[in-house]
Amino acid sequence: MTDPSRPTLQSGETPEQHAHFEARIARGEKIEAGDWMPAEYRRQLIRMISQHAHSEVVGMLPEGEWITRAPSLKRKTILMAKVQDEAGHGQYLYHAAETLGATREDMLAALLGGRAKYSSIFNYPTRTWADVGMIGWLVDGAAIKNQTMLAGCSYGPYSRAMVRICSEETFHHKQGKEMIVTYAQGTAQQRHMAQDAVNRWWWPAMMMLGPHDSDSPNSGALTRWGIKLKSNDEVRQEFINEHVPELLEAGLTIPDPDLHQDAHGNWRHGPIDWTEFWAVIRGEEGLNRERLAARQHAHDDGAWVRDALQAYADRQRTVAAD
Numbered sequence: 001m002t003d004p005s006r007p008t009l010q011s012g013e014t015p016e017q018h019a020h021f022e023a024r025i026a027r028g029e030k031i032e033a034g035d036w037m038p039a040e041y042r043r044q045l046i047r048m049i050s051q052h053a054h055s056e057v058v059g060m061l062p063e064g065e066w067i068t069r070a071p072s073l074k075r076k077t078i079l080m081a082k083v084q085d086e087a088g089h090g091q092y093l094y095h096a097a098e099t100l101g102a103t104r105e106d107m108l109a110a111l112l113g114g115r116a117k118y119s120s121i122f123n124y125p126t127r128t129w130a131d132v133g134m135i136g137w138l139v140d141g142a143a144i145k146n147q148t149m150l151a152g153c154s155y156g157p158y159s160r161a162m163v164r165i166c167s168e169e170t171f172h173h174k175q176g177k178e179m180i181v182t183y184a185q186g187t188a189q190q191r192h193m194a195q196d197a198v199n200r201w202w203w204p205a206m207m208m209l210g211p212h213d214s215d216s217p218n219s220g221a222l223t224r225w226g227i228k229l230k231s232n233d234e235v236r237q238e239f240i241n242e243h244v245p246e247l248l249e250a251g252l253t254i255p256d257p258d259l260h261q262d263a264h265g266n267w268r269h270g271p272i273d274w275t276e277f278w279a280v281i282r283g284e285e286g287l288n289r290e291r292l293a294a295r296q297h298a299h300d301d302g303a304w305v306r307d308a309l310q311a312y313a314d315r316q317r318t319v320a321a322d
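Residue numbers 1 to 322, in the UniProt record's numbering, belong to the letters of the sequence shown in order.
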């Protein structure tokens, strides 16, 4: 029987090359940019890393909308620093994808043209200031679970980028939790605002960790090659086990009537509405058009900067040649 997780050899590849490559991964070695790798390994990494980079850049938008409306100077400076961090994360990841032969221009063209995906959770609107805190607590909390796993992945540049990103995301997570706990212990209006944010972000945060393993077409190859070290459902379970007790301790209610703790202490969730997940990814629901329009505007508005940098680089090369 054919192993469905074993990728098909591409033109010019041999079984011996694949066997040597997989033996390196089995020994825990990191694959570096100049090393031989299967074409499918390269393709999957470019797809995954560029999607991750797009998510960081698009992810600046829901929170960036609140910079001018932050309730205090302290909250404003914290939020500005966080949005700036997200831009930096996108840069790290675009650079990691470029080590595989992808170009920044092609990746951005795929994003702006709607051919590349980014995390669907950033297509949900931020309706109140509490949403900023809930994104930090739940969305960044879910991201950290996934990113911590990716920090151990087999591709060196991606792994090293994730180590740095995780340290910053951990700080964002703590900031978000501190905000929501403060409001949950505040006035009736603040408590209502915090609870409303939980109600709207709980399920999207659960879905952002990806479909169930049986419905994830890329998981087999990603696991075989050490890119993914845990399944979507394993990471989701870690997220639930950490966040359910903290939310309950803060006095908040989780919008899942089927949520319960099993005999082993694991929190078990009810059925996830995957129809919503796929509809948001396809742009049938949510703010996909608005997010891409905002990125297109920023891309067009920054054209003069890219042109100036290119002119400077060309002049430096001319001077060096002389």
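The beta carbon of each residue, even a glycine, is placed where N, CA and C say it ideally should be.
Open item on the list: With H, G and I counted as helix, E and B as strand and the rest as coil, what does DSSP make of Met1?
Closed with: The predicted position of Met1 is uncertain, since its pLDDT is 43 and thus under 50; no value can be drawn from it.
Open item on the list: Does Thr2 pass the burial test, meaning 16 or more other C-beta atoms within 10 Å, or should it be called exposed?
Closed with: The predicted position of Thr2 is uncertain, since its pLDDT is 46 and thus under 50; a value taken from the coordinates is nonetheless stated next. Its Cβ having fewer than 16 others within 10 Å, Thr2 is exposed.
Open item on the list: Can you tell me where the alpha helix (DSSP H) holding Arg315 begins and where it ends?
Closed with: It spans 303-321 - the alpha helix (DSSP H) in which Arg315 sits, taken as one unbroken run.
Task: Simplified DSSP state of Tyr158, which is helix, strand or coil - done: The answer is helix: DSSP assigns Tyr158 an H, G or I state.
TODO: Please go through the same chain and pick out, in chain order, the residues whose beta-carbon is closer than 7 Å to the beta-carbon of Ile49, but skip the five residues on each side of it.
DONE: Answer for Ile49: Leu93, Ala96, Ala97, Tyr158, listed in chain order.
Task: Extent of the continuous alpha helix (DSSP H) run through Tyr92 - done: Start and end: 73-98.
Open item on the list: I'd like the list of long-range same chain contacts for Ile144, defined as Cβ closer than 7 Å, with 5 residues on each side in sequence excluded.
Closed with: Closer than 7 Å at Cβ, skipping near neighbours: Cys166, Glu169, Thr170, His173.
Task: Stretch-stretch touch, CB-based, cutoff 8 Å, three pairs: the stretch 215-228 with the stretch 37-46 - done: A contact exists between the stretch 215-228 and the stretch 37-46.
Open item on the list: By the three-class DSSP mapping on this structure, what secondary structure does His264 have?
Closed with: Taken through DSSP and simplified to helix, strand or coil, His264 comes out as coil.
- [ ] State the DSSP-derived secondary structure class of Ile227, mapped to helix, strand or coil.
- [x] Looking at Ile227 - three-state DSSP - the assignment turns out to be coil, as it is neither helix nor strand.
TODO: Give me whichever residues DSSP pairs with Ile180 in a beta bridge.
DONE: Note: Ile180 sits in no beta bridge, so no partner.
Task: Per-residue DSSP class, three states only, for Ile272 - done: In the three-state DSSP reduction, Ile272 falls in the coil class, being neither helix nor strand.
Task: Beta-carbon gap between Ala33 and Leu100 smaller than 8 Å - done: Taking C-beta atoms as the reference points, Ala33 and Leu100 count as a pair closer than 8 Å.
Task: Cα-Cα separation, Ala194 to Trp304 - done: Their Cα atoms are separated by approximately 42 Å.
Open item on the list: Going by beta-carbon coordinates alone, are Thr126 and Trp203 separated by less than 8 Å?
Closed with: No.
Open item on the list: Pairs of beta-carbons, one from the stretch 106-123 and one from the stretch 53-65, closer than 8 Å: are there three or more?
Closed with: Segments in contact, yes.
Task: Sequence-distant residues of the same chain with beta carbon closer than 7 Å to Ala161, five excluded per side - done: Excluding sequence neighbours, Ala161 sits near Tyr92, Leu93, Ala96.
- [ ] Just tell me which of Ser231, Leu309, Pro71, Gly133 has its CA closest to the CA of Thr148.
- [x] Considering only alpha carbons, the answer is Ser231.
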